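Read through the structure below, which is laid out as structure tokens, and then see the notes.
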Amino acid sequence: MSDLVVVVYPTEQKAEEVRQRLFELQKEYLIKIGDAVIATKNESGHVKLNQLVNSTAIGAASGGIWGLLIGAIFLMPLVGAAIGAASGALGGALTDYGINDKFMKELSETLQPGNAALFVLVDGVTSDKVLEDLRGTGGTVLKTSLDHSKEQALREALAAHPITTEAAASQPSA
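In this text, residue positions in the sequence shown follow the working numbering: the first is -14, and each later residue adds one.
Given below as structure tokens:
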């Protein structure tokens, strides 16, 4: 079962930094991310979603290729490519992978202008190691589907001071 975690950061750059950090942890097999989206709210109140996958562009590209191939059969490759790209783009725009876009936009309406919310759909996690790595990154937990103890551990890790290598070396080992 997947868990949803939404953390608000003061800037989009900070949210992007944490998202990249999570991707690095995924490369180390410490977390499995289903989706990671950054939502920002500008001064006029418009919410923008910075998603990993642009399904409209992917649909247009794949539709164009299929349309070109089918069009070549009927000796009209350019028409086939155009129709395929248009239908693929429409299909891609109607497809929503991961976290529901409408839900993210509604929840992001509560953001202050300039702030950014990092939406992460977590499919699996080694909690202690990931929380240790995220320690002190800041941010405020806005919403989660975690149980109370895991949510509290996340809040504490985000708010804690980061462990420096000097502090870690000075601590006595058990």
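Every residue gets a Cβ at the ideal spot worked out from N, C-alpha and C, and that includes glycine. These figures come from a predicted structure and were not determined experimentally.
Ser130 and Leu63 have their C-alpha atoms some 48 Å from each other. 8 Å or more divides the Cβ of Leu106 from the Cβ of Gly124. Ala101 places its beta carbon less than 8 Å from that of Ala0.
Of all C-beta pairs linking the region 8 to 17 to the region 81 to 98, fewer than three are shorter than 8 Å, placing the two stretches out of contact. Under DSSP, Thr129 takes part in a beta bridge, and its partners are Val(-10).
One thing to note: Lys87 has its Cβ no nearer than 8 Å to the Cβ of Leu15.
Inter-residue distance for Ile23 and Asp132 is about 23 Å (C-alpha atoms, whole angstroms).
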